[in-house]
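Data block below; observations after.
Encoded structure:
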């Protein structure tokens with residue numbers, strides 16, 4: 001960090017102390033210094049992989065030998081993890097560990113249990129002890145990128161100072177640093193804990209910082225609840241043609257969507273996403289954006305996202321189907337929503353409780369008592385417990401249809417489940433009773 005250009009260092013008086021300030025200065029310098037490494041001349045070059053056959057379950061295609069090999073590797077990893085754990089606890093390596101260093105290096109350095117265990121050891125140190133006390137003992141098992149998970153776990157534990165100590169220790173290890181993964185992890189933690197501030201010269205910073213660093217800053221600001229800063233950084237990045245990953249947009253859209261006063265900003269971000277030709281969203285991010293679109297009344301965007309997801313060659317999940325049904329229901333397109341239900345059935349998609357809730361609500365709106373009753377029965381046959389709003393929908397549809405015996409039965413069932421039926425509904429039954 002001492003080799004950072006004085007000019008870059010003065011651009012970013014960002015955080016509470018010099019060590020945190022230099023982290024972001026380094027993030028800006030890393031993009032300038034990055035070079036393309038020469039490709040290795042492999043003795044046995046990798047062959048290009050053919051795409052998998054469409055619709056084939058690749059797990060079932062694995063031969064028994066491959067399954068046995070995976071199981072053996074897992075047992076070996078656990079074995080050497082225990083050896084490494086003992087070495088960390090005692091501060092010395094056993095003869096077994098010395099004789100089997102290669103497997104340890106191959107497996108333990110990326111074992112989440114091992115790396116999270118390091119974080120727990122560090123968090124348990126006394127106030128006058130530095131993180132290096134633990135890290136020095138396990139340094140032989142670490143490789144570049146290993147400590148990224150450890151730093152994130154320390155951040156989740158609320159130990160941001162310990163995360164900085166871990167980062168500072170890694171900087172001094174030639175085999176572990178420079179590495180963008182641990183750099184972005186510590187930046188994300190500082191953003192989450194409000195210890196990272198916006199650069200004074202934001203445009204210059206966005207121009208020189210790597211994409212990973214910019215994304216880590218935005219995510220950190222989002223986790224810290226500083227949505228205005230996250231949005232500002234996102235907008236400046238777009239203006240400088242530094243397009244960040246679509247998942248970052250999805251996270252910010254989700255958080256802004258919680259506040260009705262921020263829905264205009266949500267629409268702006270949705271327009272930015274729609275302009276992208278390289279749109280790449282995970283199933284979770286796609287569903288998240290669809291749900292926010294329903295909140296802001298952009299039902300056509302829900303339809304477009306659903307079609308885009310299917311055209312990308314992926315099968316919609318029960319959550320995505322449920323979201324689409326809810327969108328069409330909210331738009332008053334009951335018949336179109338019914339078509340999605342039949343598509344779910346034909347695809348043999350297993351319904352969960354939210355799916356049953358939305359579908360029953362749809363049948364009640366259609367005044368289709370027979371189908372509402374059938375799906376209510378299927379819900380219980382699947383071992384699911386109806387929520388109060390489902391009981392309420394069934395009471396309403398039975399009352400509207402004049403099936404008072406069934407209505408009383410559902411009321412009794414809801415009360416046995418611990419729910420208190422509204423007096424307004426019970427009053428409609430009392431004269432009949």
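Residue numbers (the working numbering): 1 to 433.
By construction, the Cβ of each residue, glycine as well, lies at the ideal position given by its N, Cα and C atoms.
In the pairwise beta carbon analysis, the region 412-421 is classified as not touching the region 397-404: fewer than three pairs are separated by under 8 angstroms. Around the beta-carbon of residue 372, 16 or more other beta-carbon atoms lie within 10 Å, marking it buried.
Excluding its 5 nearest sequence neighbours in each direction, residue 240 has C-beta neighbours in its own chain below 8 angstroms: 203, 206, 207, listed in chain order. In the structure shown, the three-state DSSP call for residue 285 is helix. Following the DSSP letters along the chain, one finds residue 326 inside the alpha helix (DSSP H) bounded by residues 318-330. In the assembly as shown, residue 201 is an exposed residue. Its beta-carbon has fewer than 16 other beta-carbons within 10 Å.
Judged by beta-carbon spacing, residue 321 lies within the 9 angstroms limit of residue 355, meaning their Cβ atoms are closer than that value. Residue burial is scored here from C-beta neighbours: residue 278 has fewer than 16 other C-beta atoms within 10 angstroms and is therefore classed as exposed. Counting along the chain, the unbroken alpha helix (DSSP H) around residue 213 starts and ends at 211-223. Within the region 102-175, no complete beta strand (DSSP E) segment of 3 residues or longer occurs. Comparing alpha carbon positions, the residue from 379, 183, 367 closest to residue 402 is 367. Close CB contacts of residue 363 within its chain, under the 6 angstroms cut and outside five residues either way in sequence, are with 371, 372 (chain order). Taking each of 223, 390, 232, 144 in turn and checking the Cα distance to residue 254, the smallest one comes out for 223.
A Cβ-Cβ contact shorter than 9 angstroms links residue 162 with residue 122.
In the three-state reduction of the DSSP assignment, residue 193 falls in the coil class. One alpha carbon belongs to residue 369, the other to residue 341, and they sit about 16 angstroms apart.
In the structure shown, residue 333 adopts coil according to DSSP, grouped into three states. Straight-line spacing of the CA atoms in residue 391 and residue 378 works out to 14 angstroms. Within the same chain, and ignoring the five residues on either side of residue 184 in sequence, the residues whose Cβ sits closer than 7 angstroms to its Cβ are 212, 213, 216. If you draw a straight line from the Cα of residue 152 to the Cα of residue 265, it is about 29 angstroms long. Around the C-beta of residue 307, fewer than 16 other C-beta atoms lie within 10 Å, and the residue is accordingly described as exposed. For the 9 angstroms CB-CB criterion, residue 281 and residue 289 form a contact.
Secondary structure note for residue 389: its alpha helix (DSSP H) is the uninterrupted segment 388-401. Counting along the chain, residue 228 sits inside the alpha helix (DSSP H) bounded by residues 227-239. In the structure shown, the three-state DSSP call for residue 349 is coil.
Residue 140 and residue 119 have their C-alpha atoms roughly 16 angstroms apart. In this model, residue 110 and residue 349 are separated by some 35 angstroms (Cα to Cα). Non-local beta-carbon contacts of residue 329 in its own chain, meaning distances under 8 angstroms to residues more than five positions away in sequence, involve 337, 358, 361, 362, 365 in chain order. Contact annotation, residue 196 with residue 227: C-beta distance approximately 15 angstroms; criterion of less than 8 angstroms not satisfied. A distance below 6 angstroms between beta-carbons, with the five flanking residues on each side excluded, links residue 296 to the following residues of its chain, in chain order: 263, 266.
For the pair residue 272 and residue 238, the CB atoms are nearer than the 9 angstroms cut-off.
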